[in-house]
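Notes to accompany the following structure.
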Amino acid sequence: MRVLLIEDEALLAEQVADGLRDRGMAVDLAADGVDGLHKAVANRYDVVVLDRDLPLVHGDQVCTALAAGGSDARILMLTAAGEAADRVAGLSLGADDYLPKPFVFDELVLRIRALARRANNAPRVLRRAGLTFDTARRVVTRDGRVIPLTTKEMAVLEILMGAGGAVVSAEDLLERAWDEHADPFTATVRVTVARLRRKLGDPPLIETVVGAGYRL
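Using full-length UniProt numbering, read the sequence shown as starting at 1 and increasing by one per residue.
Written out as structure tokens, the structure reads:
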């Protein structure tokens, strides 16, 4: 899952981003509305977490622009303006969800995951080839055996399982499971897939399609 967090409070932004990364999400940061709009257009995100009171371009304008531009990303407004009228106004601009500050971090995580499932039409529990992945509890099992995975391995597996047997390119995995700082010329994807393939056990479940990518 890839998330764009547009938040001008630097300390809060770093704390939230670190927490989301610990939960297996790839997170990019923007500190103002201009940078937020630029990144939202340039990259593919599942969810945009958006503050309203942003410098340069107000969060309301960012929300309107993303909604009008046909962005596939779901928008979660995360803002200090928490009155009922504020929530109604934010949702009427095109936001998919609204969470006032201060907030409970676990609730934020659950709301982001719920929005991402809606964006990708994905069920909470993925099942394929003897694998079961409870995306809410972050638990992966194969034929009833729990398989401990790192957050990045889970991210790759979730994308492969959600592809329904289709081939997923290394470039697509890099874009969706890593943030903007990932080096496209490294072997990061290949190494992560190799570790994941080994942990899933025999018989092998991940097929390498030469010149195309990977398929579960």
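We put the beta carbon where it would ideally sit given N, CA and C, even for glycine.
Three-state class that DSSP yields for residue i in the structure shown
i: residue 213; result: strand
i: residue 103; result: coil
i: residue 200; result: helix
i: residue 163; result: coil
i: residue 1; result: coil
i: residue 87; result: helix
N-terminal and C-terminal residue of the beta strand (DSSP E) that residue i is part of
i: residue 97; result: 97-100
i: residue 47; result: 47-50
i: residue 168; result: Careful: residue 168 lies outside any beta strand (DSSP E) and carries neither H nor E.
Start-to-end residues for the alpha helix (DSSP H) that takes in residue i
i: residue 25; result: From DSSP, residue 25 is part of no alpha helix (DSSP H); its letter is neither H nor E.
i: residue 66; result: 59-68
i: residue 33; result: 33-42
One or two residues paired with residue i in a DSSP bridge
i: residue 139; result: 134
i: residue 74; result: 47
i: residue 126; result: 133
i: residue 207; result: 215
i: residue 112; result: Residue 112 is not bridged to any residue.
i: residue 223; result: For the chain, the structure presents residues 1 to 216; residue 223 sits outside this window and is missing.
i: residue 189; result: DSSP output for residue 189 lists no bridge partner at all.
Exposure label - residue i; buried when at least 16 CB within 10 Å
i: residue 11; result: exposed
i: residue 150; result: exposed
i: residue 60; result: buried
i: residue 164; result: exposed
i: residue 186; result: exposed
i: residue 20; result: buried
i: residue 168; result: buried
i: residue 202; result: exposed
i: residue 96; result: buried
i: residue 157; result: buried
i: residue 50; result: buried
i: residue 48; result: buried
i: residue 194; result: exposed
i: residue 16; result: buried
i: residue 83; result: exposed
heavy atom of the ligand COA below 7 Å from residue i C-beta
i: residue 89; result: With respect to small molecules bound, the structure shown includes none, and the ligand COA cannot be examined in it.
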